Every structure is written in structure tokens, then in C-alpha cells.
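What the sequence shown shows, in our numbering, is residues 40 to 302, in sequence order.
C-beta: ideal position from N, C-alpha, C; glycine also.
Only a predicted model underlies this, so the values are computations on that prediction, with no experimental measurement involved.
Notes to accompany the following structure.
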Amino acid sequence: MSSRSSTPFVEEDDYDESVTDRALKGLLKREIELQLEIEAIDAEITKLEESLGTAVNDDLNEQDLEEFEAPEWCIPIKANVMTFDWDSLAKEVQFDVIVTDPPWQLATHAPTRGVAIAYQQLPDICIEDIPIPKLQTNGFLFIWVINNKYAKAFELMEKWGYTYIDDITWVKQTVNRRMAKGHGYYLQHAKETCLVGKKGLDPPNCRHSVGSDIIFSERRGQSQKPEELYELIEELVPNGKYLEIFGRKNNLRDYWVTIGNEL
40 MSSRSSTPFV EEDDYDESVT DRALKGLLKR EIELQLEIEA IDAEITKLEE
90 SLGTAVNDDL NEQDLEEFEA PEWCIPIKAN VMTFDWDSLA KEVQFDVIVT
140 DPPWQLATHA PTRGVAIAYQ QLPDICIEDI PIPKLQTNGF LFIWVINNKY
190 AKAFELMEKW GYTYIDDITW VKQTVNRRMA KGHGYYLQHA KETCLVGKKG
240 LDPPNCRHSV GSDIIFSERR GQSQKPEELY ELIEELVPNG KYLEIFGRKN
290 NLRDYWVTIG NEL
């Protein structure tokens, strides 16, 4: 009998299926091997991140503590503005000047391009609930506002019992005293605006026609406001009782009460 006749007959479809099965099994085996290798690499990466991350964070914390020194006579209160006991504070003191830089919620339909927001934003209804009227009988309110919140800021002023009297424009500059342009949806932004409201009578020692409504000052950290604003306020109301809401540690000042969760 010829060798050809002794070879078992294999249907073509059976042969293709057999080859396909072997190929699939080989691929599955290789996939399992690769998955195990990936898991091992991920475990190594996690260990490295933990060891390096801890060291880096420790270095940063030490550096931060070394570089930052709070003013001797400042009064920082680290607290959640939304849950803080404002009633108790209002019973103890009525402020001549209140400054606030609310973390306005950006418009979702027109986000600012290229800007990373490093703080939590609050919806308007939460900002409305801050009991500003309880904290001041007579005096000034300085409220920083972003482009899409002008109308809301004016609405809040009226709701809280204030009359709009002025505004201050901060023209941002670089270290070389050039205009520091930032990202904007249509136009590049190089300024910020602070609206000024007044409630009741002038506070004690209030002066008129001081300073300027334009501040030219270097842009520093994100959301850090110019020191010139605080100097202007202290010139407007010397030896006053000052409060800042949503304050940050880089704006702590002597004789100011500063409340915020980023102190």
C-alpha cells in the first residue's frame, strides 16, 4: 500500500479549525504571560511612587514651612466657609471692611481655555448663603469678580444690603513690568476686577479720595491678589477691623482676620 493511501483523510474545514484553535491557544497563553508581566511592572511602579512620593512630599512640606512665615499679628482661621460659625463671630465683632474672593463656578458652556483650576468651585447659591449682612453694620465690601459673574455680584450686593460705589482694576504685570496676558475664551485676559460696595454710614476714621482705582502689580501665584489692594484698604480705613473670606495664607496680614480652608 502506498504512503498516500495510509495517511488518514482530513477534511479541509477540520484542518483550518485545528490550526485556528492552536493559534488562539497560543495567543491566549501569550496574553496571560503579558498580563502577568504588566502586573509585576505596575507593582514595581507603585512601590517606586510610594517611596519617591513620600520623600518629595516631605521635602516640599519642609521647604514650605521654612519659606512661609505668617505675620505676627494676623488672625488666620482655617475653616470651611460654608459651615463656619458666623453667628458667634458676628456677636464678637462688626467689621469695617470685608474682602472676599469667591471661588466662582466657571461657565460650563464657555470654559476658559488652558487654565487649570486648582481649587474647589462653588455654585452661586452657596456663595449667597454666606451671612455677610450679619458681619457688618457700617462699612465696605470688596468682592473680586470674574467676567461671567458681574451681574451675579451686583445682585448679591443688593441682596446683602450694599450699594455699589466703585470698582478697582488690577492690571497684571510680569516680572519685567510688561502686561501679563492670560487665556480667555475670546480675548486674552490681563486684568481682574474688584467691585466695591458700601453699607450704612462711613466706618470710623474713614478717609476720602485716597489711592487709585487702578493697580499695576506683578502677577504671582494662582488666585493670589495684589498686596496693593490691602494697602489701599488700610489707607481708606486706618486702624479698622478687617475681614477676608476665602483667604489664602499668601495674603495673611497683620490685624486682619482671614478665614478659609486653604490656610
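Annotation: the continuous alpha helix (DSSP H) that includes residue 165 extends over 163-167. Beta-bridge annotation (DSSP): residue 281 is paired with 136 and 295.
Here residue 245 is not near residue 296, since their CB atoms are 7 Å or more apart. Around the beta carbon of residue 258, a 10 Å sphere encloses 16 or more other beta carbons of the protein chains shown; the residue is thus reported as buried. With 16 or more other Cβ atoms inside 10 Å of its own Cβ, residue 196 counts as buried. Under the 8 Å Cβ criterion, the stretch 283-297 does not count as touching the stretch 245-254, having fewer than three qualifying pairs.
Judged by beta-carbon spacing, residue 209 lies within the 7 Å limit of residue 265, meaning their Cβ atoms are closer than that value.
Here residue 234 is buried: its Cβ has 16 or more other Cβ atoms, across all protein chains shown, within 10 Å. In this model, residue 118 and residue 202 are separated by some 29 Å (Cα to Cα).
The Cβ atoms of residue 239 and residue 177 lie closer than 7 Å to each other. Following the DSSP letters along the chain, one finds residue 288 in no beta strand (DSSP E), marked with neither H nor E.
The three-state reading of DSSP puts residue 172 in helix, counting H, G and I together. Beyond the five residues adjoining it in sequence on each side, residue 65 comes within less than 8 Å, by CB distance, of no other residue in the same chain. Bridge pairing for residue 236: 180 and 203 [DSSP]. Closest in alpha carbon position to residue 199, among 205, 191 and 206, is 191. When DSSP states are grouped into helix, strand and coil, residue 84 belongs to the helix group. Cβ contact annotation for residue 166 (same chain, cutoff 6 Å, sequence separation greater than five): 141, in chain order.
Put simply, of 284, 298 and 75 the residue whose alpha carbon is nearest the alpha carbon of residue 183 is 284. Spatial neighbours of residue 81 in its own chain (CB-CB distance under 8 Å, excluding positions within 5 residues in sequence) are not present.
For residue 254, the enclosing beta strand (DSSP E) starts and ends at 253-257.
In the DSSP annotation of this structure, residue 264 is not part of any beta strand (DSSP E), being labelled neither H nor E.
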